[in-house]
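One structure is given here, and the rest of the page talks about it.
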Amino acid sequence: MAGEDHDTSHIFQSLAVNLVIAVGKGGCAFLTGSGALLAETIHSFADCGNQILLLVGVRKAAKPPDDTHPLGYGRALYFWSFLVAMLLFSGGGVFSVYEGLHKMHEHGEESGPTELLVGLGMLAFSLALEGWATIGNIRELNKRRGKRGFIEYLRFTKDSDLVVIFGENSAAVLGLAFALGGLGMTHLTHDPVWDAYATVAIGAVLIGVALFLAVEIMGLLVGEAADPEIKRDIDLSAGETSGVTRVLRVITLQQGPGEVLVACKVGIDGALTGAQVVASINDFERRVKEKRPEVRWLFVEPDDHA
Numbered sequence: 003m004a005g006e007d008h009d010t011s012h013i014f015q016s017l018a019v020n021l022v023i024a025v026g027k028g029g030c031a032f033l034t035g036s037g038a039l040l041a042e043t044i045h046s047f048a049d050c051g052n053q054i055l056l057l058v059g060v061r062k063a064a065k066p067p068d069d070t071h072p073l074g075y076g077r078a079l080y081f082w083s084f085l086v087a088m089l090l091f092s093g094g095g096v097f098s099v100y101e102g103l104h105k106m107h108e109h110g111e112e113s114g115p116t117e118l119l120v121g122l123g124m125l126a127f128s129l130a131l132e133g134w135a136t137i138g139n140i141r142e143l144n145k146r147r148g149k150r151g152f153i154e155y156l157r158f159t160k161d162s163d164l165v166v167i168f169g170e171n172s173a174a175v176l177g178l179a180f181a182l183g184g185l186g187m188t189h190l191t192h193d194p195v196w197d198a199y200a201t202v203a204i205g206a207v208l209i210g211v212a213l214f215l216a217v218e219i220m221g222l223l224v225g226e227a228a229d230p231e232i233k234r235d236i237d238l239s240a241g242e243t244s245g246v247t248r249v250l251r252v253i254t255l256q257q258g259p260g261e262v263l264v265a266c267k268v269g270i271d272g273a274l275t276g277a278q279v280v281a282s283i284n285d286f287e288r289r290v291k292e293k294r295p296e297v298r299w300l301f302v303e304p305d306d307h308a
């Protein structure tokens with residue numbers, strides 16, 4: 003990512019939305035004395051913390067290569083994204099499930115009608131804001147995925163920050179829908195157990211999203227091959243390069259969003275002189291990088307296989 007402008011507008015948008023929601027929920031919690039709204043306030047501020055962690059990750063990943071990290075710091079973003087997934091699992095999902103189960107067994111007192119209506123209004127407002135942020139996130143996803151299917155892009159993309167934000171926003175929208183349903187049923191039936199059911203459902207959603215994100219990002223942390231289409235473009239470049247007969251083997255490695263390392267062995271025409279071999283390899287490298295600007299490091303080994 004060093005040397006390129008990594009778009010963080012989707013992160014700042016989600017941060018602003020979560021901050022507004024957190025302040026609004028906090029104000030409602032103060033006015034109504036609602037413990038549920040207070041808990042939601044804490045969750046929203048926690049989401050703000052997650053976005054700040056992602057911004058830290060983007061900044062760390064943008065550091066240029068140095069002697070201790072000759073391939074740069076691109077994978078730093080994957081670490082911070084994985085940390086966000088873990089916090090989403092423990093601080094959001096597990097805590098919500100625990101709170102919901104606790105409410106089921108405690109059979110707490112029903113909130114007053116004013117408190118319930120204020121809570122419903124705040125949740126509806128939050129849902130509208132989160133929906134707006136999610137739509138913006140989907141637009142960014144559509145811009146980056148190109149011709150690939152939406153689900154396919156989510157499964158195989160290397161842009162961990164964008165996927166994390168989408169996961170958080172989607173979970174927030176679904177969670178707010180559950181919260182609205184739970185609070186609405188509580189208002190209609192005068193039974194607070196519906197609020198507990200909604201809390202458990204929210205926790206289950208957060209746990210599911212966190213596990214999906216953790217599995218996807220873990221592969222990038224360990225070291226994952228880049229987009230398979232890169233190999234196709236390498237083969238095309240070899241066919242266009244005089245003196246290069248074929249590509250014998252290719253290894254790709256994703257070093258960070260927009261950063262790919264490629265090592266390959268190519269067949270060289272045995273009739274070429276040493277200087278001609280060097281010229282052919284340089285031409286081949288130029289063609290590959292023209293087709294794939296994300297290839298930051300390209301190591302080519304010549305072989306005399308015709």
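Note that our numbering gives residue 9 to position 7 of the sequence shown, counting from 1, and the numbers run on in steps of one.
Virtual Cβ for every residue (Gly too), placed ideally from N, Cα, C.
Only a predicted model underlies this, so the values are computations on that prediction, with no experimental measurement involved.
Residue i in three-state terms, based on DSSP
i             : result
threonine 275 : coil
arginine 141  : helix
arginine 288  : helix
arginine 298  : strand
alanine 4     : Bear in mind that the predicted position of alanine 4 carries a pLDDT of just 46, short of 50, making it unreliable; the figure below should be weighed with that in mind. Three-state result, alanine 4: coil.
proline 66    : coil
lysine 293    : helix
histidine 71  : coil
leucine 119   : helix
alanine 48    : helix
alanine 2     : Given a span of 3 to 308 for the chain in the structure shown, any question on residue 2 remains unanswerable.
lysine 27     : helix
glycine 148   : coil
Test item: CB-CB of residue i and residue j under 9 Å
i                 : j             : result
lysine 293        : aspartate 235 : yes
valine 268        : valine 246    : yes
glycine 258       : arginine 77   : yes
proline 194       : lysine 62     : no
tyrosine 100      : glycine 205   : yes
phenylalanine 168 : leucine 143   : yes
C-alpha distance - residue i paired with residue j, whole-angstrom precision
i                 : j              : result
alanine 4         : glycine 184    : Its pLDDT being 46, under 50, alanine 4 is placed unreliably in this model, and the coordinates cannot settle the point.
arginine 150      : proline 115    : 49 Å
glycine 177       : glycine 225    : 33 Å
phenylalanine 180 : cysteine 50    : 21 Å
tyrosine 75       : threonine 191  : 55 Å
alanine 87        : valine 165     : 11 Å
leucine 250       : cysteine 266   : 7 Å
threonine 117     : valine 175     : In the sequence under discussion, the amino acid at residue 117 is glutamate, which differs from the threonine named in the question. Roughly 22 Å between the two C-alpha positions.
asparagine 284    : aspartate 68   : 25 Å
alanine 18        : histidine 189  : 31 Å
leucine 119       : lysine 27      : 13 Å
asparagine 52     : alanine 203    : 21 Å
threonine 201     : serine 98      : 6 Å
glutamate 238     : isoleucine 270 : Reading off the sequence, residue 238 comes out as leucine, not glutamate. Cα to Cα, leucine 238 sits roughly 15 Å from isoleucine 270.
leucine 274       : valine 280     : 10 Å
Residues that DSSP places opposite residue i in a beta bridge
i             : result
glutamine 256 : Val262
arginine 251  : Lys267
glutamate 303 : Lys267
valine 246    : Ile270
Limits of the alpha helix (DSSP H) - the one that residue i falls within
i             : result
arginine 234  : 231-242
histidine 192 : Taken as a continuous stretch (DSSP letters only), histidine 192 belongs to no alpha helix (DSSP H), as it is neither H nor E.
glutamate 226 : No alpha helix (DSSP H) contains glutamate 226, which DSSP labels as neither H nor E.
arginine 157  : 152-158
valine 99     : 97-108
serine 83     : 78-89
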